[in-house]
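Note sheet for the following structure.
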Amino acid sequence: MMLRRLLLLATFATASCARAGEVQVAVAANFSAPMQRIAAAFTAATGHVARVAVGATGKLHAQVQAGAPFEVLLAADDETPRKLVAQGQAVAGTPFTYAIGKLVLWSSSPGVVDAQGAVLASGRFRHIALANPKLAPYGAAAMEVLKARGLAETLAPRIVLGETIAQAYQFVATGNAELGFVALSQVNSPGKPIEGSWWLVPASLHGEIRQDAVLLKPGERNPAARALLAFLKTEAARQLIEAYGYAVPGP
Numbered sequence: 362m363m364l365r366r367l368l369l370l371a372t373f374a375t376a377s378c379a380r381a382g383e384v385q386v387a388v389a390a391n392f393s394a395p396m397q398r399i400a401a402a403f404t405a406a407t408g409h410v411a412r413v414a415v416g417a418t419g420k421l422h423a424q425v426q427a428g429a430p431f432e433v434l435l436a437a438d439d440e441t442p443r444k445l446v447a448q449g450q451a452v453a454g455t456p457f458t459y460a461i462g463k464l465v466l467w468s469s470s471p472g473v474v475d476a477q478g479a480v481l482a483s484g485r486f487r488h489i490a491l492a493n494p495k496l497a498p499y500g501a502a503a504m505e506v507l508k509a510r511g512l513a514e515t516l517a518p519r520i521v522l523g524e525t526i527a528q529a530y531q532f533v534a535t536g537n538a539e540l541g542f543v544a545l546s547q548v549n550s551p552g553k554p555i556e557g558s559w560w561l562v563p564a565s566l567h568g569e570i571r572q573d574a575v576l577l578k579p580g581e582r583n584p585a586a587r588a589l590l591a592f593l594k595t596e597a598a599r600q601l602i603e604a605y606g607y608a609v610p611g612p
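Using the numbering used here, the first residue of the sequence shown is number 362, and each one after it goes up by one.
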């Protein structure tokens with residue numbers, strides 16, 4: 362009886378492995394940390410493996426256009442997935458918002474950034490980091506904030522551009538810039554206080570950062586790609602996304 366049960370379990374495990382697959386996922390840099398947790402949960406739940414490549418949304422878009430074999434894109438905006446559908450490089454009807462991003466002005470040192478962001482007009486810093494607004498939606502949002510505060514021209518000589526929001530974060534974390542605009546998810550680890558000093562930028566100062574996922578053409582016939590998109594809509598994934606400081610749209 363025991364031998365028969367073991368044989369049944371072995372047969373089930375073999376069948377599960379045979380059904381399991383891989384999906385190549387291009388992920389916006391701001392979503393790198395939560396995606397690591399989501400990928401692990403996705404594998405535990407489905408057996409599929411998510412192979413993740415991280416970069417600026419604009420750069421990932423260019424790579425898709427150049428023929429990169431990505432099957433799913435998790436962008437930092439909602440415009441890029443729409444463009445890819447219109448260009449015939451993504452599957453119509455598959456884009457959806459998986460997260461709504463939040464922008465923070467952050468310094469790795471306590472007492473530098475105040476709770477109203479008045480430090481921007483103080484002149485008490487040499488460098489401010491942000492992601493390249495031509496490539497990264499969070500960088501574009503940061504420029505909107507500076508324009509809303511009437512400081513875009515004044516602070517232009519002090520701006521240090523990162524290719525991605527991850528690079529902008531590194532400029533601040535290493536002290537190469539005293540402060541910078543980053544995604545809340547980069548400084549907000551679940552269960553840990555935010556280090557340094559920071560200002561959560563009011564959403565009224567920039568356009569909503571709706572981050573959309575989309576099924577790309579190379580993944581159209583890959584069950585693992587569709588499974589990942591479905592998993593992003595589950596309560597388990599939504600809770601992980603919220604834990605990193607994102608908002609999630611209603612079910």
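Yeah, the Cβ is synthetic: ideal placement off N, Cα and C, and Gly gets one too.
In this structure, L435 places its C-beta atom within 8 Å of the C-beta atom of F392. Non-local beta-carbon contacts of S558 in its own chain, meaning distances under 8 Å to residues more than five positions away in sequence, involve W467, S468, S470, P471, G472, V473, V474, D475 in chain order. Between I570 and the set A608, A423, G408, the nearest pair of CA atoms involves A608.
Between A527 and the set A501, E556, Q572, A497, the nearest pair of CA atoms involves A497. Residue pairing by DSSP places E383 opposite V410 in a beta bridge. Around the beta-carbon of P610, fewer than 16 other beta-carbon atoms lie within 10 Å, marking it exposed. Selection P395, Y530, V425 evaluated against Y459 yields P395 as nearest (Cα-Cα).
One thing to note: N537 has its Cβ no nearer than 8 Å to the Cβ of A417. The C-alpha of G523 is placed about 9 Å away from the C-alpha of Q531. Following the DSSP letters along the chain, one finds T525 in no beta strand (DSSP E), marked with neither H nor E. Around L516, the same chain offers L481, I489, L507 as residues with beta carbons nearer than 8 Å, after the five sequence neighbours per side are excluded. Apart from sequence neighbours up to five positions away, the residues of its chain that approach L512 with a beta-carbon distance below 8 Å are L481, A482, ordered along the chain.
G541: member of the beta strand (DSSP E) spanning 540–544, first to last residue. Taking a 10 Å sphere around the C-beta of A414, we find fewer than 16 other C-beta atoms and assign the residue as exposed. Within the model, the alpha-carbon separation for Q450 versus V425 is close to 8 Å. Collapsing the DSSP output to three states places S470 in coil.
According to DSSP, D438 shares a beta bridge with no other residue. One Cα belongs to G500, the other to T525, and the distance between them is close to 8 Å.
When the alpha-carbon of A586 is set against those of W560, G484, H409, V562, the nearest one is in H409.
Contact annotation, F592 with T455: C-beta distance approximately 14 Å; criterion of less than 8 Å not satisfied. If you compare the alpha carbons of N583, G552, V562 with that of E603, the shortest gap goes to G552. Around the beta-carbon of G541, 16 or more other beta-carbon atoms lie within 10 Å, marking it buried.
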